[in-house]
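**Student:** Okay, here's the structure, questions in a sec.
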Amino acid sequence: MIKAVIIDFDDTLCLTEAACFDLENEALVRMGREPMDRDVHVATWGQPLFDAIAVRSPGVDVEAFKVAYHPVAEEYTRDGKWDVIPDANYTALDKLIERGKKLMVLTSRTHGELKHMLEPDHFLSSRITAFFYKDNMQFHKPDPRAFDELLAQHSLNPNECVYVGDSVSDAVASKQAGLKFIASLESGLRTREDFVGESVDLFIERFADIVSAVAELDRA
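Quick note: the sequence shown uses the numbering used here, first residue -18, plus one each step.
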């Protein structure tokens, strides 16, 4: 039986790339720069933002971009344009909780990028047993030891857990740590073909399908 469902945030629980594309372009425009093309954003997605922006907008002053970016990020968060989790995903989380599953988030985000969701009154924080992110972990994805910390803290065996993510590196890291892995394809950024050669237990087309997927793993 699966005891814990561990969830990646960006482009898994929440579709983030498209919102970040708009957010970053708004910051660039406020700096008086031309917006980037979507193709270059997708090609560099997953890289640390302030490293990637030098590729996404060649010649940009990265420090000036940071100054422009943070107020836009606050506006997008406040206005519900960024980090919007669909109601169907909350419903799926609630169903997993009803079935006795612990829910955790394991993300590469920093505390600053996650803090609005850690507030006690946020709809997500009330459903999640623990959040693991850059600032409270010694190791980080794609290092499989990131999962070792989580398992040790919650006295879990790897075979009792499943990680739900959207990238090949998620698959590799979780399987190296001994967990089951479910690949979510909802973002459209990757297809089943991207995971050829990797050990994927199940694919889901929408995050909301996680309930039936975990039930299938329980029956296996």
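All residues carry an ideal CB built from backbone N, CA and C; glycine is no exception. Predicted model, so just to flag it, every value in this text is computed and none were measured.
1. Thinking C-beta only, is residue 137 closer than 8 Å to residue -17?
2. Can you name the start and end residues of the alpha helix (DSSP H) that residue 93 belongs to?
3. Going by the CB atoms, is the gap between residue -10 and residue 203 shorter than 8 Å?
4. Please determine, among 9, 62, 52, 49, the residue with the shortest C-alpha to C-alpha distance to residue 39.
5. With C-beta atoms as the reference, is residue 7 less than 8 Å away from residue 53?
6. Taking buried to mean at least 16 other C-beta atoms within 10 Å of its own C-beta, is residue 22 buried or exposed?
7. Terminal residues of the continuous beta strand (DSSP E) containing residue 142?
8. Assign residue 150 to one of three DSSP states: helix, strand, or coil.
9. Buried or exposed for residue 265, please, with buried defined as at least 16 other CB atoms from any protein chain shown within 10 angstroms of its CB.
10. Quick one: grab the DSSP three-state call for residue 185.
11. Would you say the stretch 57 to 68 touches the stretch 112 to 126, given that touching needs at least three Cβ pairs under 8 Å?
12. Given that a residue counts as buried once 16 or more other Cβ atoms are within 10 Å of its Cβ, and exposed if not, what is residue 180?
13. Note the first and the last residue of the continuous beta strand (DSSP E) segment covering residue -15.
14. Taking the Cβ atom as the reference point for each residue, do residue 76 and residue 153 lie within a distance shorter than 8 Å?
15. Taking the beta strand (DSSP E) that residue 163 belongs to, which residues open and close that run?
16. Between residue 36 and residue 25, what straight-line distance do the alpha-carbon atoms span, to the nearest angstrom?
17. Give the straight-line distance between the Cα atoms of residue 72 and residue 104, rounded to the nearest whole angstrom.
18. Using the three-state DSSP reduction, which class does residue 82 fall into: helix, strand or coil?
**Tutor:** Concretely, from the data shown:
1. The residue given as residue -17 occupies position 2 in the sequence shown. The residue given as residue 137 occupies position 156 in the sequence shown. No, the pair does not count as a contact, with Cβ atoms beyond the cut-off.
2. Locating residue 93 in the sequence shown gives position 112, counting from the first residue. Residues 92 to 99.
3. This structure does not reach residue 203, given that the chain is present from -18 up to 201, and the question cannot be answered.
4. As a working mapping, residue 39 is identified with position 58 in the sequence shown. Of the listed residues, the one whose Cα sits closest to residue 39 is 9.
5. Position 26 of the sequence shown, counted from the first residue, corresponds to residue 7. Position 72 of the sequence shown, counted from the first residue, corresponds to residue 53. Yes.
6. As a first step, residue 22 is located in the sequence shown; it is residue number 41 there, counting from the start. Burial call: buried.
7. Sequence index remark: in the sequence shown, residue 142 carries index 161 (1-based). Looking at the DSSP string, the run of the beta strand (DSSP E) that includes residue 142 is 142 to 146.
8. Translated into the one-based positions of the sequence shown, residue 150 becomes position 169. In this structure, residue 150 counts as helix in the three-state DSSP scheme.
9. Residue 265 cannot be examined here, being either before or after the span of the chain that is shown, -18 to 201.
10. Working through the sequence shown from its first residue, we reach residue 185 at position 204. Of the three classes helix, strand and coil, the one that applies to residue 185 here is strand, per DSSP.
11. no
12. Position 199 of the sequence shown holds residue 180. So residue 180 counts as exposed.
13. Against the sequence shown, residue -15 aligns to sequence position 4. Residues -15 to -12.
14. Your numbering for residue 76 matches position 95 in the sequence shown. Your numbering for residue 153 matches position 172 in the sequence shown. Going by C-beta atoms, residue 76 is not nearer than 8 Å to residue 153.
15. Locating residue 163 in the sequence shown gives position 182, counting from the first residue. Element bounds for residue 163: 161 to 165.
16. Working through the sequence shown from its first residue, we reach residue 36 at position 55. Working through the sequence shown from its first residue, we reach residue 25 at position 44. So the alpha carbons of these two residues sit roughly 8 Å apart.
17. Here the question's residue 72 lines up with position 91 in the sequence shown. Here the question's residue 104 lines up with position 123 in the sequence shown. So the two alpha carbons sit approximately 11 Å from each other.
18. For the purposes of this step, residue 82 is taken as the residue at position 101 of the sequence shown. In this structure, residue 82 counts as coil in the three-state DSSP scheme.
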